[in-house]
Each structure stands twice: as C-alpha cells, then as structure tokens.
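Comments concern the structure below.
Residue numbers (our numbering): 1 to 152.
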C-alpha cells in the first residue's frame with residue numbers, strides 16, 4: 001500500500017467513526033435501560049401491540065407528531081399510534097445519536113427509519129426525533145416524544 005492509500009484509508013476510517021459516533025452521558029445502567037426500552041418500543045410497534053407500546057410512556061406522557069396538536073395521556077397516545085386496518089409495520093429502527101441522563105430525567109435524540117405495508121405495497125419512512133425520558137420506579141418512561149419525517 002502506498003502512503004497516499006494509507007492516509008486515505010485512515011481519513012475515511014476517522015470520518016466514519018465520527019459520522020456514526022454516539023454520545024452517551026450518565027449511568028451505564030440507566031443508558032442501557034433507555035436503549036432496551038427503545039428497542040422494545042420498536043418491537044411493540046412492529047407487532048401492533050399498542051397497549052405495550054403505550055406502556056413505554058409515563059402516565060403524563062405527551063407526543064408531538066408533525067402537523068398535529070400535542071397528544072396527552074395513554075388512551076390518546078394509543079389511539080394515535082394505532083394503525084388503520086390492513087396497514088402493518090414491516091420494520092422500525094431507532095438510532096440514538098446522543099443520550100444524556102440528568103438525575104431522574106434524560107434526553108435522547110437521533111434518527112428513526114422503517115417500512116410499512118398496505119395492500120401489498122411497501123413504503124419506507126425515516127426521520128429525526130427528540131425524547132425526554134422520566135425515571136419512574138427504577139424504569140425509564142417517555143415523557144415527551146417529538147418527531148418529524150425526513151424526505152426519502
């Protein structure tokens with residue numbers, strides 16, 4: 001390998017690490033629980049388990065979907081997340097860029113992506129989000145959840 005190839009490879013590697021880097025700050029146990037809850041949220045969404053999905057929100061949880069009013073409380077949140085008959089989430093993945101725990105609250109932001117199907121037609125979606133978490137009885141619940149799409 002020439003020096004130029006080595007330098008190019010190192011620069012590419014450094015850029016890749018920075019581009020995909022995630023910043024976590026706080027107790028490792030708390031951060032791991034937030035990541036676990038995020039993964040389980042995605043699984044509940046894919047499996048259309050709306051009661052389980054709603055259980056990841058605090059009792060006073062609020063969601064801020066793009067183009068809609070603030071939605072408050074478990075029943076209203078469940079109604080908003082419930083998909084129309086015949087629509088299924090095929091995949092859903094959340095990639096946090098930063099998680100920061102500050103006592104009994106935390107925030108995380110990043111990107112989400114996925115796909116859904118309706119009448120054998122699959123469409124993809126992606127976007128960015130911010131979540132404020134609240135620690136409730138040694139568990140982390142979503143207190144504020146805001147997201148919006150990024151054009152495909």
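Heads up, the beta-carbon is just placed ideally off N, CA and C, and yes, glycines get one too.
Beta-carbon proximity of residue i to residue j, cut-off 8 Å
i	j	result
residue 105	residue 133	yes
residue 34	residue 99	yes
residue 62	residue 71	yes
residue 91	residue 115	yes
residue 30	residue 101	yes
residue 44	residue 83	no
Expected contact under 8 Å - CB spacing of residue i and residue j to nearest Å
i	j	result
residue 112	residue 130	About 11 Å; that fails the 8 Å criterion.
Sequence-distant residues of the same chain with beta carbon closer than 6 Å to residue i, five excluded per side
i	result
residue 153	Residue 153 falls outside the range modelled here, since the chain spans only 1 to 152, and no answer is possible.
residue 23	98
residue 15	At residue 15, the pLDDT of 45 sits below 50, so the modelled position is not reliable; the number obtained from the coordinates is stated separately. Once the five neighbours on either side are set aside, residue 15 has no close Cβ partner at all.
residue 74	54
Close-in-space but distant-in-sequence residues of the same chain around residue i (CB under 7 Å, 5 per side omitted)
i	result
residue 41	53, 56
residue 117	88, 90
According to DSSP, residues forming a beta bridge with residue i
i	result
residue 106	101, 133
residue 85	DSSP lists no partner for residue 85.
residue 24	99
residue 114	92, 125
residue 139	136
Cβ shell of residue i (< 8 Å), same chain only, five flanking positions each side left out
i	result
residue 128	109, 110, 111, 112, 147, 148, 150
residue 27	101
residue 39	94
residue 126	111, 112, 113, 114, 149, 150, 152
Can at least three beta-carbon pairs, one atom from the segment 92-110 and one from the segment 70-81, be found at a separation below 8 Å? Flag = no, the segment 92-110 and the segment 70-81 do not touch.
Would you check if the segment 40-57 and the segment 135-151 touch, i.e. whether three or more CB-CB distances between them fall below 8 Å? Touching, yes, given that three or more Cβ pairs across the two stretches are closer than 8 Å.
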